[in-house]
Amino acid sequence: MTIVLDSKFATAEDTAKALGVSKTRLKWLLRLVESGRSKGNKAGHKNGARNLTSTRKRKNARGKVKKVAQ
Amino acid sequence: MAKLKKSRNEVFLNIPYDKKFERLFLAYIAGISALGMVPRATLEITDSSRRLERILKLARSCGYSVHDLSRVQLDRAKPRVPRFNMPFELGLCVADANRHEGQRQNWFVFEAVANRADKSLSDLRGTDPRIHGATVRGVLSGLCNVFRRPGRQPTVPQMMQIYKELRKNQVAILKKAGSDTLYTRKVFAAVCVLASSEAGRSVAD
């Protein structure tokens, strides 16, 4: 059996109202979604991981030490 | 008693609240929100006084109800008992729906294993439960089969995208709420709002 929905498509505001979420919290949640969306493009993340400059330097340094030892 | 007005875009979600079920819990919220509806759950009822009455009132206020009967195993903690809450609340919803003659079915049963409900709840024979196989995709496609929204029907990949967003933001929400579980009123509400916001963006007109 399938139900065909003809009611209004609930927005985040409708959901917040139904569940008693305060306006402040709603704003924070909407910001959370927005920030998650923009992060990926700005900071050059790859698969959620970010290489810190210090990590890169350490890895490079480790490589040089190995080469010297050989 | 005053007649309670049903909200046609609210779905009463009757599921087990345990750690192992968290993924499917988020899947139900993602799927229901993608369909433009608002999930409601007994998590919203924090006061223990007259709990049963409040559960009934909440279930009655929703246009539809979804019941997951996949948790039939014995609890790990002593005393080892099965959880009766889900079948009990299903019974309440079925009884309430049957009070009004001619009303179309507004309750739906989900299970993880095919034919198991025939044994665990044989009274339901003739009502085919949706089998989700304990997978997120199974829950999402089950919801897609139960509900249809012409003109704004979400696809399973769109629902999956919402689910992934919820998973991604889970830690931040828990931290903000000062909770280590998803099964609190505050966290539930926050997850639902997030899912709705994501649905509004990804499920286009």
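Those protein sequences? They're chains E and B, same order as listed. Start counting at 1 in the first sequence, then tack on 717, and there's your number in our numbering. Start counting at 1 in the second sequence, then tack on 56, and there's your number in our numbering. For glycine and all other residues, C-beta sits at the position ideal for the given N, C-alpha and C. Treat the numbers as computed from the prediction; the structure is a model and nothing was measured.
Between B/Asp124 and B/Phe166, the beta carbon gap of about 5 angstroms places them in contact (Cβ cut-off 8 angstroms). Between the region 242 to 258 of chain B and the region 67 to 85 of chain B there are three or more inter-stretch CB-CB distances shorter than 8 angstroms, so the stretches are counted as touching.
Closer than 9 angstroms to the CB of B/Glu145 there is not a single CB belonging to chain E. By the beta-carbon neighbour count (other beta carbons within 10 angstroms, threshold 16), B/Ser178 is exposed. Counting other Cβ atoms within 10 Å of its Cβ, E/Lys740 stays below 16 and is therefore classed as exposed.
Taking 8 angstroms as the Cβ-Cβ cut-off, the region 58 to 88 of chain B approaches chain E at Ser63, Arg64, Asn65 and Glu66, given in chain order. With distances taken between CA atoms, B/Arg116 lies nearest to B/Asp152 out of B/Arg181, B/Asn201 and B/Asp152. Taking 9 angstroms as the cut-off, the Cβ atoms of B/Val122 and B/Asn70 count as close. DSSP, reduced to helix, strand and coil, places B/Arg110 within a helical segment of the structure shown.
Boundaries of the beta strand (DSSP E) around B/Arg96: Val94 to Arg96. B/Pro213 sits in a helix when the DSSP states are folded into three classes. Residue-level contact by beta carbon fails for B/Leu114 and chain E, as no gap is shorter than 9 angstroms.
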